[in-house]
Each structure stands twice: as C-alpha cells, then as structure tokens.
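Inspection log for the structure reproduced underneath, given as structure tokens.
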Ligand SMILES: [Ca+2]
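In this note's numbering, the protein residues as written are 2 to 261.
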C-alpha cells in the first residue's frame, strides 16, 4: 500500500480534482493527508474536504497557512513511510523544508509534476509566448529548493504529461457513477479544465511506474530563475515518455471502476 501525502493547487485546475479522485479510488493508495497551495488554496481546501467527505474517508486537509507545519510534523513522525506527491507550485514543500531541512530524505520519494525538460514552456500561455511551465514558474525559489535537495525525487514534466489526454466529453461518464465521481465532475466544471491529466500522471509514476516503459531517466536537474529546467545539477529521476494505452487502461480502471 502506498501511503501518500498529496500537495495540490486543486482550487484552480480540474486535473487536480481528477488526480485526487484517482488517489481516493486507487486500490493501492492510502491518502494520509492533503495540503493545498497556490493563490486559491482556501477554495482548494474546501474542494478537497468535499471530496474526502464524499469518499467517506477521514483524511486531514490543510491549506497553505498550516500545510508546512503539518507536512514537517507528519513526515518526521513517520520516517520513510510516506511518498510525497506534489502537483502544484512547490511553496508548501519548500516551507516544510525550512522547518525540516532533510524532509525529502524522510519520505520514500517525492513525486513532482512540474517543468519541462526538452519542452520547457507552458502551452497555455495566453499570449502564445514560450513561458516556463506553471508550477515551477509560480514559485521558482521553492522549485529550486526542492529540486536541489537530497532525497529520491521523481520529476514528471510536461514532456510526458502533455500527452496524458482524456477528453472532457469522456469524463461526463463520471456523472453516471457514484456520489464521489459525480462530485468530482461537478467540481471539475467549476475550474479551469484541461484535457491533459498532468497530475494523475504524476500519481501513476508512483502507483504504476511500469507505464513509463522507456522514460524514467536519472538526470542532473536544476531550475533557472525564470522556472526553466536545466539539464545540470542534482540527480533526479525524470519521466519523459509513457505508454498511452497502458495509461488509459489504468486511468479507466481506477477512475471509472469500483474501489475494492
Ligand atoms: Ca495541479
């Protein structure tokens, strides 16, 4: 069983909601805490609480104001028991590291959705500019702190996540399933919807790394002051490529299936 701490900017993006649904439904995943980050961290915490309630689980939810304390305390008292999955800007993780500098060495691994290695720009830039990926660009200092830290880190960048597409039309299926799935669909429609399941793919790097058949590479990584990923620096495992059919199969099984 994977014991997971999920740090998410769920208050802005729908793919975080689908990722949370994935974590709640995955038979080998046990969510031990959710922390929210980013500009909409308060709305995000409310949204996560609604999902947790619908799933009839008892999972603590903290927002940016108290996330660092929770993460530092929880990880410190469960050394090497947890995996940390960060699917938003890395503000909370860096703040927790300010309290516990060797935080990332006290988890099994830290999974990070962020950046782009060979594709270092955000395809959603409204002006069509080649700007760096959102999570890293939002808090570059935090991203630099996390990426340069010791500990096992697995980066899931845009190079892979841009191809983890699920059509919005297809997700309408969620309305016909249980209460939790319906809630996930309703909440998704309140937020910026992306067909790329960036964040669910980051969770799959933990739960089913075999889908990255060719793609997990140890690379030296650092982050430039504007958020661009450089291929020099601290050793990080990077998921560059995955098998789409396997991704889709797992996505459907977990998201539309019944948790056993
Ligand atoms: Ca996110």
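Heads up, the beta-carbon is just placed ideally off N, CA and C, and yes, glycines get one too.
Cβ atoms of residue 118 and residue 230 come within 8 Å of each other, at about 5 Å. In the structure shown, residue 248 adopts helical secondary structure according to DSSP, grouped into three states. In terms of Cβ geometry, residue 3 and residue 208 form a close pair [threshold 8 Å]. Within its own chain, the residues whose Cβ lies closer than 6 Å to the Cβ of residue 73, once the five positions on either side in sequence are excluded, are 97, 100, 101, listed in chain order. DSSP, reduced to helix, strand and coil, places residue 223 within a strand of the structure shown. Look at residue 165 here: in three-state DSSP terms it is coil, with no helix or strand label. Judged by the Cβ position, residue 12 fails to qualify as a neighbour of ligand 1 at the 7 Å threshold, every heavy atom of the ligand being at least this far. Residue 116 and residue 224 do touch by the CB rule: their CB atoms are close to 7 Å apart, below 8 Å. Under the three-state reduction of DSSP, residue 101 is assigned to coil, being neither helix nor strand.
Under the three-state reduction of DSSP, residue 108 is assigned to coil, being neither helix nor strand. The DSSP-derived three-state label of residue 242 is coil.
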